[in-house]
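For the sequence shown, the residue numbers in the numbering used here are 1055 to 1336.
For each residue, glycine too, the CB sits at the ideal point set by N, CA and C.
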Amino acid sequence: MSYLITTFYRFVNFSPDRLEQLQADWLEFGQRRGLRGLVILAPEGCNATIAGLPEAIEAFRRELLLEPELEGLDFKDSRSANLPFKRWKVERRNQTIKYRPDCPAPGGRHHHLTPQQWHAKLDDDVTVIDTRNDYEVKVGKFSGALDPGLESFEQFTDYARQLELPKDRPVLLYCTGGIRCEKAVLDLEEQGYTQVYQLEGGILKYLEQYPDGKFEGECFVFDERVAVDSQLAPSSTYRFCPLCGDPGRQAIECSQCGSQAVICEPCLSKRGPYCSKGCHPA
């Protein structure tokens, strides 16, 4: 059996009543059709990664596209033999993705590059910046991209303020599915940068069209797959480290119990070859 995983987002103004209605409708629909995953609803829009049987996902898409605010919604798809989520959640939050509260909600297309345009522009004299967290970047990134070393996306504002590049230099931003760049591009423009572009649909959309392109490694995802490879298949290399929760790929035999496990390089270096916190000496 194969499950379809799809991600989407849209920045649009939702009233409190509209949020309440959509939350109730989507929660009921997902429960009825056996969907799994997380939908975030906020006054500024929606952001989701969901999974289910293909026919259930397609039915939910049709439901979404009936909403006038979501016409033309873009989806990024991948597949898995297993459901990568345990539950179905539709949550109301203050923001679609946590960032500085005074950041304006993006609207419409704003210096978006299609995967084809992005692929071509990488050959130009440009600066490419990865807007994801440091543990995501370690799993894979575009060749030559700058890693801001973020522990959380909220730190990108400080990074933008400290960045020292010519203000007219072309800067290309990317993330997993596109939503983080929608806000990051505004921060760089606030600092006076005049040529800031973002990868439309993020890494996931790029890999749909360029599986053998200029992205190196795998793409971290926030579910039980840990990452997807260049074919958008669940990673066969990475697992969540049982000691810290970050992605890891170091196969070990536990010094305490002898079990086989996969942990991350920092934990192997600092803590040693242990399969769990229970086996690790206090």
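Keeping to the same chain, check which residues put their C-beta closer than 7 Å to that of Asp-1128; ignore five residues upstream and five downstream. Reading the sequence shown from its first residue, position 74 is the one you call residue 1128. Cβ contact annotation for Asp-1128 (same chain, cutoff 7 Å, sequence separation greater than five): Phe-1062, Gly-1255, in chain order.
To which residues does DSSP link Asn-1101 through a beta bridge? Taking the first residue of the sequence shown as 1, we reach residue 1101 at position 47. Looking at the DSSP output, Asn-1101 bridges to Tyr-1063, Ile-1094.
Own chain, CB closer than 8 Å to Ser-1206, minus 5 neighbours either side, in chain order: Position 152 of the sequence shown, counted from the first residue, corresponds to residue 1206. Contacts found: Lys-1152, Asn-1187.
May I ask you to report which of helix, strand or coil DSSP gives Tyr-1260? Here residue 1260 corresponds to residue number 206 of the sequence shown, with the count starting at 1. Note: Tyr-1260 maps to helix in three-state DSSP.
Judging by CA-CA distance, which residue of Pro-1220, Ile-1257, Gln-1314 is the nearest neighbour of Leu-1022? Because residue 1022 is not part of the residues shown, which for the chain are 1055 to 1336, the question remains open.
Can you list the alpha helix (DSSP H) stretches of 4 or more residues lying completely in the segment 1134-1170, in chain order? For the segment 1134-1170, not a single whole alpha helix (DSSP H) run of length 4 or above is found.
Tell me, to the nearest whole angstrom, how far the beta carbon of Gly-1099 is from that of Ala-1159; I am working on the premise that it is less than 8 Å. Locating residue 1099 in the sequence shown gives position 45, counting from the first residue. Locating residue 1159 in the sequence shown gives position 105, counting from the first residue. With 8 Å as the limit, Gly-1099 and Ala-1159 qualify as a contact, their Cβ atoms being about 7 Å apart.
Compute the Euclidean distance between the alpha carbons of Asp-1131 and Pro-1335, then round it to the nearest angstrom. What you label residue 1131 is simply residue 77 of the sequence shown in a count that begins at 1. What you label residue 1335 is simply residue 281 of the sequence shown in a count that begins at 1. Computed Cα separation, rounded: 42 Å.
Taking the continuous beta strand (DSSP E) assigned at Phe-1196, which residues delimit it? Numbered from its first residue, the sequence shown carries residue 1196 at position 142. Where Phe-1196 is concerned, the enclosing beta strand (DSSP E) starts and stops at 1194-1196.
Beta-carbon within less than 6 Å of Leu-1200's beta-carbon, same chain only, minus the 5 sequence neighbours each way: which residues are those? Position 146 of the sequence shown, counted from the start, is the residue given in the question as residue 1200. Once the five neighbours on either side are set aside, the close Cβ partners of Leu-1200 are Ile-1183.
Looking at Leu-1226 and Lys-1268, is the spacing between their C-beta atoms short of 8 Å? For the purposes of this step, residue 1268 is taken as residue 214 along the sequence shown, with counting starting at 1. For the purposes of this step, residue 1226 is taken as residue 172 along the sequence shown, with counting starting at 1. Cβ atoms of Lys-1268 and Leu-1226: not closer than 8 Å.
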